[in-house]
Amino acid sequence: MDGVHDMGGMHGMGPVVAEENEPVFHGDWEKRMFAMNNAISALGVRNIDESRYARERMNPAKYLGSSYYEIWLDGLIRILSEKDLISEEELLGAVAPRPVSTPKPALKAEDVDPVMSKGGSYTADTGKAASFRVGDRVRARNIHPSDHTRLPRYTRGHEGIVIADYGIHVFPDASALGKSAPQHLYNVKFASTELWGPDGTEGDYVYIDLWDDYLEALPHAT
Amino acid sequence: MAGNHKHSDPLPETVLRVKSLESLLIEKGLVEAAALDALIDRYENKVGPKNGAKVVARAWVDEEFKERLLKDGSAAIAEFGFSGAQGEELIAVENTDKIHNVVVCTLCSCYPWPVLGLPPVWYKSAPYRSRVVREPRKVLEEFGTKLPAGTEVRVWDSTAETRYLVVPKRPEGTEGLSEDELTQLVSRDSMIGVSEALGPTATKGG
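Chains as they are written, first to last, in this note's numbering: chain A, 46 to 267; chain B, 412 to 617.
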């Protein structure tokens, strides 16, 4: 979706301000929010793309005015509500919590380190055949999916070169909708001046991971 | 006080809502409080940029390790016992005299947790996400990093589940330092790519 989360290249956001000696968390609520979001992942009720898509659908004015853990809060409530695991009435204490079942049980304290050290898997053994090879000139397609996508707006319609094929990966656009369309993931190199015209810098580049369906072929340079 | 103004305090209703959500999830058996404590402890105390600093210092002193790191980042950091969530497919990119790498996630907040821990607020902020792909040199200057015009800037936008780690240049005048001393020069920001590694005077007692 062409939302405010897709902010690469936007103007007017102000200077980058780093906090000196920044703590890992600002306050207890951030700690709990971070931990809940990760603990929920162990239940197998939503994938990473559904999780991101839920955050992207936050009211755009609120998204821009929120800290990142506030965005997580909004997104987690949204996805758990959509999965029918919680309701606003339950959150407000207006009704008694309704029992629910999940594919996997709640994460135990003793499993935190092994589970987090193992991580997830985003690759697939089989999928759509590769349309591109390393060295190919490609163009990021000018498409505007209204659902989740990881094709940043600032790349669309621009030409680049495939510099790596990372193999077959879960396709986020499908995965965010509970579907599956595994395909090759590439790294594509774009010249700064290709993306930003005269406002770019000659000799600088942006490298972006893009899936097969995001790209179209260009003729080889002769 | 400086440094206190950027991260605005949350609304009281945000704090309350987080509490309500936690109570509800616990009551429903979807999360356990002790597991939340363990997750917080892991990322507050065990997993952070000190991990990445060890990896980079090793790469500085051990050419064969550096080759392994640049070839397969995840396998190389596993030699230190670093692995897992948000680092399943780690790719290390090396700064040289001619190339400077910097990492961003314009779409959300992707960051290599096993080596850097959790991202600072500025990394997840609209100013950084919007600007660094368009005007990386300007953003780097705001971090005190002035790159020569002849240096090629490579910005890595983490749009997939690959995660990028910058191997900063080994600072000059550090030939006599041990691997352990070198880790003290590898700042978090240098592994994101907004800064260079610290100079040799930054070591303890240096």
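Where is the CB? At the ideal position from N, CA and C, for every residue including glycine. Remember, predicted model here, so these are calculated numbers, not experimental data.
Minimum Cβ-Cβ distance from residue i to chain B less than 9 angstroms
i	result
A:I253	yes
A:L130	yes
A:V62	yes
A:R100	yes
A:K153	yes
A:R77	yes
A:K163	yes
A:L44	Lying outside 46 to 267, the shown extent of chain A, residue 44 of chain A is not represented and no answer is given.
A:P217	yes
A:G89	no
A:V191	This sequence places Ser at residue 191 of chain A; Val is not what is there. No, because no Cβ of chain B sits closer than 9 angstroms to the Cβ of A:S191.
A:D249	yes
A:I93	yes
A:R287	No statement about residue 287 of chain A is possible, as the shown extent of chain A runs from 46 to 267 and does not include it.
A:V145	yes
A:G72	yes
Residue i vs residue j beta-carbon contact at 9 angstroms
i	j	result
B:G604	B:P582	no
A:I85	B:D568	no
A:V61	B:R565	no
B:R599	B:L527	yes
A:W256	A:R195	yes
A:G212	A:K234	no
A:L152	B:V504	no
A:V117	B:K430	The displayed chain sequence assigns Trp, not Val, to residue 117 of chain A. Cβ distance not < 9 angstroms, so A:W117 and B:K430 don't count as in contact.
A:R186	A:D258	yes
A:H71	A:S112	yes
Beta bridge counterpart(s) of residue i as assigned by DSSP
i	result
A:Y252	A:K234 and B:W567
B:A503	B:L576
A:Q228	A:H214
B:V514	B:W567
B:T556	Looking at the DSSP assignment, B:T556 forms no beta bridge with any residue, so it has no partner.
A:E64	Beta-bridge pairing links A:E64 to no other residue.
A:V207	A:V233
Nearest-angstrom Cα separation, counted from residue j out to residue i
i	j	result
A:G172	B:R428	42 angstroms
B:A445	A:Y114	20 angstroms
B:T614	B:L593	8 angstroms
A:A141	A:G242	58 angstroms
A:E261	A:G59	35 angstroms
B:P531	A:E67	7 angstroms
A:L240	A:H56	15 angstroms
A:D119	B:G584	49 angstroms
A:A39	B:W533	One cannot answer for residue 39 of chain A here, as it falls past the ends of chain A, which runs 46 to 267.
A:V69	B:A496	17 angstroms
B:K466	A:E135	Sequence check: residue 466 of chain B is Val here, not Lys. Approximately 46 angstroms, taken between the alpha carbons.
A:L263	A:A236	16 angstroms
A:P150	A:D244	52 angstroms
B:D452	A:R182	46 angstroms
A:A175	A:G248	29 angstroms
Neighbour flag for residue i against chain A, beta carbons, 9 angstroms
i	result
B:E607	no
B:D600	yes
B:K439	yes
B:A571	yes
B:V466	no
B:G495	yes
B:A413	Since pLDDT at B:A413 reaches only 35, below the 50 mark, its modelled position is unreliable, and no value is offered.
B:I451	yes
B:D591	no
B:G617	Only weak support is given to the placement of B:G617: the predicted model assigns it a pLDDT of 46, under 50, and the value that follows is read from those uncertain coordinates. No - not a single Cβ of chain A is within 9 angstroms of the one on B:G617.
B:K557	no
B:W533	yes
B:D420	yes
Taking 8 angstroms as the cut-off, does the segment 546-562 of chain B touch the segment 66-83 of chain A (at least 3 CB pairs, one atom from each stretch)? no
Three or more beta-carbon pairs under 8 angstroms between the segment 163-178 of chain A and the segment 199-206 of chain A, yes or no? no
Inspect the CB distances between the segment 526-542 of chain B and the segment 507-517 of chain B and report whether three or more fall short of 8 angstroms. yes
Using 8 angstroms as the cut-off, can you tell me whether the segment 471-487 of chain B makes contact with the segment 112-131 of chain A, which would need three or more C-beta pairs spanning the two stretches below that distance? no
State whether the segment 101-110 of chain A contacts the segment 462-473 of chain B, with contact taken as three or more CB pairs (one from each stretch) at a distance under 8 angstroms. no
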